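S.K.:
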């Protein structure tokens, strides 16, 4: 006996008579359409079908990743910053602060006394 992977089923002849009624009564659940008591096909709504296809795609990608991780002979050392730049990421405008900055603003003497900030450790 063949397994049926749905909680709901309908005969092919009933399905042919009124497919819209079957869809309505299914209430977003999968339905096995039977021909001679065997599943001929499953009726599923688009969101479920899309989720199934995405899951299959993810599994295929996962297997490919595992195969490639196992073959370290083709491994290439990379720098994450250079990869981000190649993908079009903008280089950060932030730079580490340096008290010995050579910019024009840092070269001028401040007009008010500057106190060093105390940090708690």
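In this note's numbering, the protein residues as written are 1005 to 1125.
Positions of the beta carbon are idealized from the N, C-alpha and C atoms, including for glycine.
Bear in mind the structure is a predicted one, so any value in this text is a computation, not a measurement.
I'd like to confirm the pairing. Which residues does DSSP put opposite residue 1014 in its beta bridges?
M.R.: In the DSSP output, where bridge partners are listed per residue, residue 1014 has 1037.
S.K.: Between residue 1039 and the rest of its own chain, which residues show a CB-CB distance below 7 Å, the 5 nearest in sequence each way excluded?
M.R.: Same-chain partners within the cutoff: 1016.
S.K.: What did DSSP end up calling residue 1005 once you bin it into helix, strand or coil?
M.R.: Note: residue 1005 maps to coil in three-state DSSP.
S.K.: Output the boundary residues of the alpha helix (DSSP H) element that contains residue 1079.
M.R.: Looking at the DSSP string, residue 1079 is not in any alpha helix (DSSP H), and its letter there is neither H nor E.
S.K.: How many whole angstroms separate the CB atoms of residue 1010 and residue 1034, which I take to be in contact at a CB cut-off of 8 Å?
M.R.: Confirmed, about 4 Å.
S.K.: Going by DSSP, which residues form a beta bridge with residue 1047?
M.R.: Residue 1047 is bridged to 1035.
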